[in-house]
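J.: Be aware that the sequence shown starts at 1, since it is given in UniProt numbering, and climbs by one per residue.
We put the beta carbon where it would ideally sit given N, CA and C, even for glycine.
The structure's right below; bear with me while I get my questions together.
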Amino acid sequence: MKDLLVVGGGPAGLATALHAAREGLTVTVLERRAGTVDKACGEGLMPGAVAALADLGVDPAGHDLRGIRYVAGARRVEADFRSGAGRGVRRTTLHDALRDAVEAAGVPVEQATVHGLAQDADGVTAAGHRGRYAVAADGLHSPLRRSLGLDRPRRRQLRRGLRRHYAVRPWSDHVEVHWAREAEAYVTPVADDLVGVAVLTTRRGSYDDHLAAFPELLDRLAGAPHAGSDRGAGPLRQDATARTAGRVLLVGDAAGYVDALTGEGIALAVAQAGAAVQAIARGDVAAYEQDWRRLTRRYRWLTHALLGATSLRPTRTALVPAAERLPWLFGATVDALARPADEPGRPHSSPTGQSAG
Numbered sequence: 001m002k003d004l005l006v007v008g009g010g011p012a013g014l015a016t017a018l019h020a021a022r023e024g025l026t027v028t029v030l031e032r033r034a035g036t037v038d039k040a041c042g043e044g045l046m047p048g049a050v051a052a053l054a055d056l057g058v059d060p061a062g063h064d065l066r067g068i069r070y071v072a073g074a075r076r077v078e079a080d081f082r083s084g085a086g087r088g089v090r091r092t093t094l095h096d097a098l099r100d101a102v103e104a105a106g107v108p109v110e111q112a113t114v115h116g117l118a119q120d121a122d123g124v125t126a127a128g129h130r131g132r133y134a135v136a137a138d139g140l141h142s143p144l145r146r147s148l149g150l151d152r153p154r155r156r157q158l159r160r161g162l163r164r165h166y167a168v169r170p171w172s173d174h175v176e177v178h179w180a181r182e183a184e185a186y187v188t189p190v191a192d193d194l195v196g197v198a199v200l201t202t203r204r205g206s207y208d209d210h211l212a213a214f215p216e217l218l219d220r221l222a223g224a225p226h227a228g229s230d231r232g233a234g235p236l237r238q239d240a241t242a243r244t245a246g247r248v249l250l251v252g253d254a255a256g257y258v259d260a261l262t263g264e265g266i267a268l269a270v271a272q273a274g275a276a277v278q279a280i281a282r283g284d285v286a287a288y289e290q291d292w293r294r295l296t297r298r299y300r301w302l303t304h305a306l307l308g309a310t311s312l313r314p315t316r317t318a319l320v321p322a323a324e325r326l327p328w329l330f331g332a333t334v335d336a337l338a339r340p341a342d343e344p345g346r347p348h349s350s351p352t353g354q355s356a357g
């Protein structure tokens, strides 16, 4: 019997496996898909995520990011990261780098479809595999979260994301966030000849329909060939009633997700993975719930605040002009988002607020 079964071979699951191997636990990863896994995401790693991955021995190739720029028509405001460079990384490149590290650590990754978990006093069984504990890292719409009775459905209108790559030389070393009336477009350089453009919106429609709301971007990308297939994800908002059920812990998007607009997903997943493994190593699974709340508090607060503000059209329209008038506020918020997920806040000469890309 293994110490730990990890269900899900995306970044959250693979990071959990690496933390477990470092802790000296025996672990097996169960993933239903073979090969490199792609998904729709902004592909921008904040400096905290770059540092957290490096601590696990993972250093994916990509394009350095100096900061974040907000754009609304002719208005724009930008802030540089104070804690080092971020990095734009193709999702497939990140997955390959994590898989290579897991393989180097001697952790087996088995192709298996897990429909449910069976628990008893001594362990957990999943797809014929047995472990003392299990981590569910099976993504945004986690089947295991539902099967464990931890899913909290939401009925109101929710946001979705679409992503496309363009074979074009990046025109900036910042993540650009373009604001329109009902959508944002996130432009992330991921290589010297490739940019990803992700659109977040509550409206239905094709990628081209949504991109039409950003005429400056259309001009920039005119004639640039598409690279690969479009990807979509959503609804983005997912809630869980708890992060643990018996001997099972939820990590990453499976544990609950607010929105992608702050770009902290990978940093949070790596931090949650470490906290889950520490709870398992101590034999105190219940402590993970409190650790999860501590690690995600800043993300949840900033993301809820920004979503609430930008859901109102007058506030949404005023966001970039306000950031222009208060650059210290914009810079302080970008700095907060750039820090590692578990790093305590640092004092600033001026109060901080919420806004990010």
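Just to confirm, are residue 42 and residue 244 a CB contact at a threshold of 9 angstroms?
T.: No, they are not a contact pair.
J.: The beta strand (DSSP E) that contains residue 99, what's its start and end?
T.: No beta strand (DSSP E) holds residue 99; the alpha helix (DSSP H) holding it covers 91-104.
J.: Sorted by chain position, which residues of the same chain lie with C-beta nearer than 6 angstroms to residue 113's C-beta, five sequence neighbours on each side aside?
T.: Around residue 113: 32.
J.: Could you tell me the alpha carbon to alpha carbon distance between residue 263 and residue 299, rounded to whole angstroms?
T.: Cα to Cα, residue 263 sits roughly 9 angstroms from residue 299.
J.: Does the distance from the C-beta atom of residue 9 to that of residue 109 stay below 9 angstroms?
T.: Taking 9 angstroms as the Cβ cut-off, residue 9 and residue 109 qualify as a contacting pair.
J.: Are the CB atoms of residue 47 and residue 297 within a distance shorter than 9 angstroms?
T.: Cβ distance not < 9 angstroms, so residue 297 and residue 47 don't count as in contact.
J.: Relative to the C-alpha of residue 59, which residue among 186, 289, 15 is closest?
T.: Residue 59 has its Cα closest to that of 15, out of 186, 289, 15.
J.: When you compare the CB positions of residue 174 and residue 325, do they come within less than 9 angstroms of one another, or not?
T.: No, these two residues do not count as a Cβ contact at 9 angstroms.
J.: Within 10 Å of its beta-carbon, does residue 167 have 16 or more other beta-carbons around it, so buried, or fewer, so exposed?
T.: Burial call: exposed.
J.: Kindly list the residues whose CB is nearer than 6 angstroms to the CB of residue 345, restricted to its own chain and excluding five residues on each side of it in sequence; keep chain order.
T.: Annotation note: pLDDT 36 at residue 345 (below 50); position unreliable, coordinate value reported separately. Answer for residue 345: no residue qualifies.
J.: What residue from 81, 291, 250, 309 has the CA that sits closest to residue 50's CA?
T.: Of the candidates 81, 291, 250, 309, the one whose C-alpha sits nearest the C-alpha of residue 50 is 81.
J.: Taking the alpha helix (DSSP H) that residue 281 belongs to, which residues open and close that run?
T.: Its alpha helix (DSSP H) spans residues 265-282.
J.: Going by other Cβ atoms of all chains shown within 10 Å of its Cβ, with 16 needed for buried, is residue 196 buried or exposed?
T.: Counting Cβ neighbours within 10 Å, residue 196 comes out buried, since at least 16 surround it.
J.: State the DSSP-derived secondary structure class of residue 242, mapped to helix, strand or coil.
T.: Coil.
J.: So residue 187 is in the beta strand (DSSP E); what residue range does that whole segment cover?
T.: Run containing residue 187: 183-191, per the beta strand (DSSP E) assignment.
J.: Taking the alpha carbon of residue 288 as the reference point, which residue from 28, 207, 242, 332 has its own alpha carbon closest?
T.: Answer by Cα proximity: 242.
J.: By a C-beta neighbour count over all protein chains shown, 10 Å radius and 16 as the cutoff for buried, is residue 120 buried or exposed?
T.: Residue 120 comes out exposed.
J.: So, using beta-carbon positions, are residue 136 and residue 142 closer together than 9 angstroms?
T.: In this structure, residue 142 lies closer than 9 angstroms to residue 136 by Cβ.
J.: Just the C-alpha distance for residue 150 and residue 334, rounded to the nearest angstrom, thanks.
T.: Cα to Cα, the separation comes out at about 33 angstroms.
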